[in-house]
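*Asks:* According to the numbering used here, the sequence shown is numbered sequentially starting from 10.
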Amino acid sequence: MSHSIDIPDNQQTSLRTWLRLLSAGNSVRKDLQSRLLAKHGISLSRFDILANLYRAPEGGIRLSELSRQLMVSNGNVTQVLTPLVKEGLVERNQCEDDARAAVAKLSKKGQHLFEKMAKDHASWVSGIFGNMTPEEQKNLTAILDKIVLSDNI
Numbered sequence: 010m011s012h013s014i015d016i017p018d019n020q021q022t023s024l025r026t027w028l029r030l031l032s033a034g035n036s037v038r039k040d041l042q043s044r045l046l047a048k049h050g051i052s053l054s055r056f057d058i059l060a061n062l063y064r065a066p067e068g069g070i071r072l073s074e075l076s077r078q079l080m081v082s083n084g085n086v087t088q089v090l091t092p093l094v095k096e097g098l099v100e101r102n103q104c105e106d107d108a109r110a111a112v113a114k115l116s117k118k119g120q121h122l123f124e125k126m127a128k129d130h131a132s133w134v135s136g137i138f139g140n141m142t143p144e145e146q147k148n149l150t151a152i153l154d155k156i157v158l159s160d161n162i
């Protein structure tokens, strides 16, 4: 049995755009995940944590701030971070000014690995957008910024 909902044309266009955006994002994530696992044996989630720690101040970053930057829960950060600590890629310490908080930073080993992966990652991302001109990429970025900065979110 087939059902249909009467949705105005402008909303149908928005729904199609939303589904295309989700599909594109999922395709890119799957591709990058597959490449990172194949070449470096690391998940995209771990790569994202290493990337944020690489950009963090030299003393590290609070785990709560890391979870905010990654837009995931504190528990998710802890779950992904713990193996990175065990592998010697990340150092986790108690925060000096708040004993309840933890701070994470890249170890030298983690920094070296991230720098190797970042070059590959940049090349892969460039390839993904290779069929778009730089101008088209700038336009896409501007359109996505309109969504992210919208008062409707």
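Backbone N, C-alpha and C define an ideal beta-carbon position, used for all residues, glycine too.
Quantities reported herein were computed from a predicted structural model and do not represent experimental measurements.
What did DSSP end up calling valine 112 once you bin it into helix, strand or coil?
*Replies:* Here valine 112 sits in strand by DSSP.
*Asks:* Provide the residue span of the alpha helix (DSSP H) that contains valine 81, from first to last.
*Replies:* Valine 81 -> no alpha helix (DSSP H), and no H or E assigned at all.
*Asks:* For arginine 77, is the classification buried or exposed, using 16 other Cβ atoms within 10 angstroms of its Cβ as the cut-off for buried?
*Replies:* It counts as exposed.
*Asks:* For glycine 69, which residues of its own chain have a beta-carbon under 6 angstroms away from its beta-carbon, when the five flanking residues on both sides are left out?
*Replies:* Val112, Ala113, Lys114.
*Asks:* For arginine 109, I'd like the list of residues in its chain whose CB is within less than 7 angstroms of its CB, leaving aside the five on either flank, ordered along the chain.
*Replies:* If we look at arginine 109 and ignore the five residues flanking it on each side, it has no Cβ neighbours.
*Asks:* Confirm, please, whether the CB-CB distance from serine 36 to leucine 45 is below 8 angstroms.
*Replies:* No, Cβ-Cβ distance for leucine 45 and serine 36 is not below 8 angstroms.
*Asks:* So what's asparagine 210 in DSSP terms, helix, strand or just coil?
*Replies:* Coverage of the chain is limited to positions 10 through 162, which leaves residue 210 absent and any answer about it impossible.
*Asks:* Do lysine 128 and leucine 98 have their CB atoms nearer than 8 angstroms?
*Replies:* No, these two residues do not count as a Cβ contact at 8 angstroms.
*Asks:* Please tell me whether serine 54 and valine 89 are closer than 8 angstroms, where the distance is taken between their beta carbons.
*Replies:* In this structure, valine 89 lies closer than 8 angstroms to serine 54 by Cβ.
*Asks:* The beta strand (DSSP E) spanning glutamate 100 covers which residue range?
*Replies:* 99-104 is the span of the beta strand (DSSP E), which, as asked, contains glutamate 100.
*Asks:* Would you call phenylalanine 138 buried or exposed, if buried means 16 or more other Cβ atoms sit within 10 Å of its Cβ?
*Replies:* Per the 10 Å Cβ criterion, exposed.
*Asks:* Please confirm whether phenylalanine 56 and methionine 126 have their CB atoms less than 8 angstroms apart.
*Replies:* Yes.
*Asks:* Please classify histidine 12 as buried or exposed, where buried requires at least 16 other C-beta atoms within 10 Å of its C-beta.
*Replies:* Classification of histidine 12: exposed, given that the 10 Å Cβ count is below 16.
*Asks:* Restricting to Cα atoms, I'd like to know which of Asn61, Glu67, Lys48, Gln42 is closest to leucine 75.
*Replies:* Comparing Cα positions, the closest option is Asn61.
*Asks:* Do you know how far the Cα of threonine 26 is from the Cα of serine 159?
*Replies:* About 16 angstroms.
*Asks:* Taking the C-alpha atoms as reference points, what is the distance between isoleucine 152 and glutamine 146?
*Replies:* Distance between the alpha carbons of isoleucine 152 and glutamine 146: 10 angstroms.
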